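Numbering (UniProt numbering), first residue to last: 1 to 686. No residue lacks a Cβ here, since even glycine has one placed at the ideal position from N, Cα and C. What you are looking at is a predicted structure, and each value in this text was computed from that prediction instead of being measured.
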Amino acid sequence: MPDLKTQRTYALVGHGGSGKTTVAEMLLFNAGVVNRLGKVEEGSTVLDFEPEEIKRRGSIQPGFASFKWNKNDHFLIDTPGDSNFAGDLSYSLTAADGVVMVIDAVDGVKPLTRKVWGLVQDMGLPSMIVINKMDRDRADFDMAFHGISEALGARPVLLYYPIGSKENFKGVVDMMSGKALMFGADGAVTEGEVPGDIADEVETIRETMIENIAESDEELMEKYFEEGELAPEDITKGLQAGVASGELVPVVVAAALNCQGGQMILDTVQNLLPSPLDHKPWIGEDGGELPSSPDEPMACFVFKTQADPFAGQLTVVRVLAGQLSPDSQLVNTVNGEKERVGQLLVMNGKEQAPVKTPMGPGAIVTLAKLKNTHTGDTLVEKGEFKLAKPVVAPQLITFALAPEVKGDEDKVYAAVAKLLEEDITLTLGRDEESADILLSGMGQNHIEISVEKAKRRYKTAILLKTPKVPYRETFKTGAREIQGRHKKQSGGRGQFGDCWIHVAPRASGEGYEFVDQIVGGSIPRQFIPAVDKGVQETAARGVLAGFPVIDFQVTLYDGSYHNVDSSEMAFKVAGSLAFKKACEKAKMALLEPIMLVTVAVPDSFMGDVIGDLSSRRGKVLGSDSQAGITEVKANVPMAEMLRYAPDLNSMTGGQGTFFMEFAAYEECPPQETEKVIAAHKKATEE
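And the structure:
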C-alpha cells in the first residue's frame, strides 16, 4: 500500500471558464501522465471526453486522475464549474481531503466562486488558490489577489509572486526561498535573478506573508515580535498549521495554457494540503464515528456513478478507512445487498488501469459491474457504518419531454431514467393529468444536455417541451363545517362514507396537518386515515390549476357511517369531496416560486440588466461593484427566468454570467394567476 502520509487527494473547484480542466491537463503533463498538452478548445484534454463536453468546451461531470509527483501518490477530482452541472459538488468534496480553487486573473472572484467557496468552508476542507490565466490580455493580478480577501473573506498567503503579466508573464519569485524561477518551453523551470524593478515589492509582500503566518499562531507571533524574523522551518510549520485549520490560504499563480506554474501547484499541494490520515473521523448517519485509518475495518463511499460504453456501469468510490483489495466481498449498508468486487481500477479520464495492490484511505477507486449499488451508498467489509449523505442542491427547473413518435413514451422514459444513475441532480416523474414525462434539473442547459446525451446513447428521439414552473396553491381563508358525503347503491353491498371537516390556512413552510377530533365513534377509528388520504390525494392534484395545495390544516370533527356499506374507499371519497367543497367555499391563491438571482456583468451593462430584471417583475435587492464588474442581486419569479440565459448573452455580448437559487413562494398577481388557470384549463380540455 502507498505511503499515506505523503498521499494527496484533492478536488479542483472554481467558476466556469476559470481554466480548471486546463490546469488539470498541465498537472498531468508535469507528472508525466501525458506527453503533450491537450486543449479544451480542440476537445483534446484527458478529463473532458464526453461528446457533449467536447462540443460545449466545458466539463459536465467530474473527471478523475491518479498519478505520482516526486514518487508521491496524487488523486485528483476535476469538478464542473458551471452551476448547471455542479449540483452534486458536495459529493466530490466529500471524497477529497483538500481543495485547489482556481480563479482567473481576468475575472477574479465571480458570484459562483463565492458560492463554491462557501461550500468548501462549510465542509471544513483545507484549501489553496491558483490565480490562472496570468498570460491573458486583460490579466490583473492585483485585482484577483485582493478579491480573495475582500470577496471571499479568506486570509491569502502569496507563495509565488508573478514576474511580468499578460504576454510578458515569464516567471515567479518563490517567496519562501527568495529565488526567481523562470519559465522555459513546456513548463521547464530555471533559477534566475529577481528583477530589480520588483525587488522592493517582493520584500514588502514577503514581510506581509510572514506576519500573516505568525498571526495564525500565538507562539510564532511572540517569537516574531521578539526576534523580528522567523526561521524557514518556523514559517513552513506555521503555514502548514494555518492551512490545516483553515486560517490561511496559500496562493500560486499560473498560465495553464502555456504550461506555466504546474510544478509550483503540485509542490504546494504536496507540502501544504493534508494527507488522508489528517482527515477528521467520518460521521455516520447514526452519529457514529469512523477514523480515517488503514487499521480500521474497510469502508468506502460511492460518490459518483458513470456509464462506460464498454464496461457498463462504473462505480467511483473514496476509500474512507481500512484497505480495499481486489476480489473483496462487500456489503452495501444502505440496502443490505452483498457485492463482489473484481478488479480495482484507477482512472485518468476515460482510461482505466487495473491495480493489484490494496488501496487505503484517500484512494479514488473505480469498481465495475456492481449490481445494486448507487451514488450515496456506503460499502463495508464488516460492520454497519453508513456515511451521512451530503446535501445536494435542489432542482431549479422542470421541462416536459415527449417522444417524436407517438407511442414511444415508455422508451423515452426508460432512456432518460438511465441517466439518473450517474446524475443525482436529475429527477424524473410523470404528470398524472397531462401524462407528460417531467425532467427536473439545475437549469435549462443541464436539461438540454442531459436529453442530448440520452438521445445519443440510447438512440431515442426526444422532444423538449415548454418548461414547467412548479406553482403551488394555498388557502387565503379557511372554511368551516364542510360535509363530504359519499353514498352509492348499485345492487348488493353499497358504499357509504360521511365526514365533516374544518379547513384553515397555515403559515408559509408549515406544511400539511391533519387533526382528528372524532369523539363518540361517529366515524370508526379504522376509517379516519382514509379521510386523511382522500384529502391529501386531492390536494396533490390541486383545485385552481392542477398544482399541489400546501400549508393548510384539516380538522375532522364529525361524520357518520353504515355498519355494512362503509369502507375505507367510501371514506376516502368522502374526504376528497369535503376537501373540494372547502376549496370552493374558501379563498384560494396561486403561489409562484421566487428565485434569488445573482447576475455579474461589466459595469457598463448594469443599467440594462437592472431594467431588464425589473421588467421581469423582479425586485432588485442591491448591487456591488468590484474591479469593473457589478454583481446585481434580485428576487425574480421563476416564470420570468426560464429563457434568461440567451437574453443575458445578447444583452451583454456574452460577458454576463448568472446563477439562481430558490428563495420562497409568493402569491401570484391576479393577471398571472388568470393566465396559469387558463393554460391549465386549455391543456385539460385538449
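Residue j beta carbon less than 8 Å from that of residue i
i, j, result
"residue 133", "residue 97", "no"
"residue 72", "residue 6", "yes"
"residue 592", "residue 639", "yes"
"residue 214", "residue 238", "yes"
"residue 158", "residue 205", "yes"
"residue 176", "residue 235", "yes"
"residue 387", "residue 365", "no"
"residue 143", "residue 117", "no"
"residue 427", "residue 395", "yes"
"residue 662", "residue 644", "no"
"residue 277", "residue 243", "no"
"residue 155", "residue 249", "yes"
"residue 313", "residue 421", "yes"
"residue 586", "residue 471", "no"
"residue 275", "residue 321", "no"
"residue 315", "residue 370", "yes"
"residue 565", "residue 507", "no"
"residue 342", "residue 260", "no"
"residue 613", "residue 601", "no"
"residue 503", "residue 530", "no"
Extent of the continuous alpha helix (DSSP H) run through residue i
i, result
"residue 644", "644 to 652"
"residue 532", "528 to 541"
"residue 679", "670 to 685"
N-terminal and C-terminal residue of the beta strand (DSSP E) that residue i is part of
i, result
"residue 725", "This structure gives no information on residue 725, because the portion of the chain shown stretches from 1 to 686."
"residue 558", "552 to 560"
"residue 507", "Segment: none, residue 507 is in no beta strand (DSSP E) and carries neither H nor E."
"residue 29", "That residue, residue 29, is in no beta strand (DSSP E); its alpha helix (DSSP H) goes 20 to 30."
"residue 620", "619 to 626"
"residue 367", "364 to 368"
"residue 320", "312 to 321"
"residue 381", "No beta strand (DSSP E) holds residue 381; DSSP gives it neither H nor E."
"residue 14", "8 to 14"
"residue 375", "Looking at the DSSP string, residue 375 is not in any beta strand (DSSP E), and its letter there is neither H nor E."
"residue 516", "512 to 516"
"residue 657", "657 to 667"
Member of the options whose CA lies at the smallest distance from the CA of residue i
i, options, result
"residue 499", "445, 573, 384, 115", "573"
"residue 603", "630, 258, 648, 172", "630"
"residue 126", "470, 12, 63, 25", "12"
"residue 620", "450, 636, 626", "636"
"residue 10", "228, 318, 523", "318"
"residue 349", "251, 33, 612", "33"
"residue 684", "494, 431, 240, 523", "431"
"residue 288", "160, 228, 322, 383", "383"
"residue 23", "179, 473, 112, 252", "252"
"residue 340", "326, 347, 333", "326"
"residue 62", "596, 68, 78, 131", "78"
"residue 55", "470, 391, 64, 39", "39"
"residue 554", "58, 546, 562, 535", "535"
"residue 549", "595, 182, 583", "583"
"residue 418", "76, 458, 262", "458"
"residue 391", "174, 285, 410, 245", "285"
"residue 180", "258, 264, 122, 14", "264"
"residue 557", "614, 405, 481, 81", "481"
"residue 477", "280, 628, 612, 505", "505"
"residue 512", "193, 489, 538, 494", "538"
Exercise. Run through the segment 576 to 615 for me and flag every whole alpha helix (DSSP H) of 4 or more residues, listed as ranges in chain order.
Key: 606 to 615
Self-check item: Contained beta strand (DSSP E) runs [length at least 3] in the segment 68 to 145, N- to C-terminal order
Solution: 72 to 78, 98 to 104, 127 to 132
Quiz item: Hey, is the segment 439 to 446 in contact with the segment 395 to 410, meaning 3+ C-beta pairs nearer than 8 Å?
Solution: yes
Quiz item: Residue ranges of each alpha helix (DSSP H) run of no fewer than 4 residues wholly in the segment 333 to 361, ordered along the chain?
Solution: none
Exercise. Could you tell me whether the segment 213 to 231 touches the segment 191 to 204, using the rule of 3 or more Cβ pairs below 8 Å?
Key: no
Quiz item: Would you call the segment 163 to 176 and the segment 301 to 320 touching, i.e. three or more CB-CB distances under 8 Å?
Solution: no
Practice problem: For the segment 225 to 299, list the beta strand (DSSP E) runs that are entirely contained and at least 3 residues long, ordered along the chain. | Solution: 249 to 253
Exercise. Go through the segment 401 to 479 residue by residue and report every complete run of the beta strand (DSSP E) that reaches 3 residues or more, in order.
Key: 427 to 430, 437 to 441, 462 to 468, 472 to 475
Quiz item: Where are the beta strand (DSSP E) runs, 3 residues long or more, that stay fully inside the segment 147 to 224, in chain order?
Solution: 156 to 158, 160 to 163, 171 to 174, 179 to 183, 189 to 192
Exercise. Please determine if the segment 516 to 535 and the segment 457 to 468 are in contact, where contact requires at least 3 C-beta pairs separated by less than 8 Å.
Key: no
Quiz item: Taking three-plus beta-carbon pairs below 8 Å as touching, is the segment 508 to 517 in contact with the segment 564 to 581?
Solution: no
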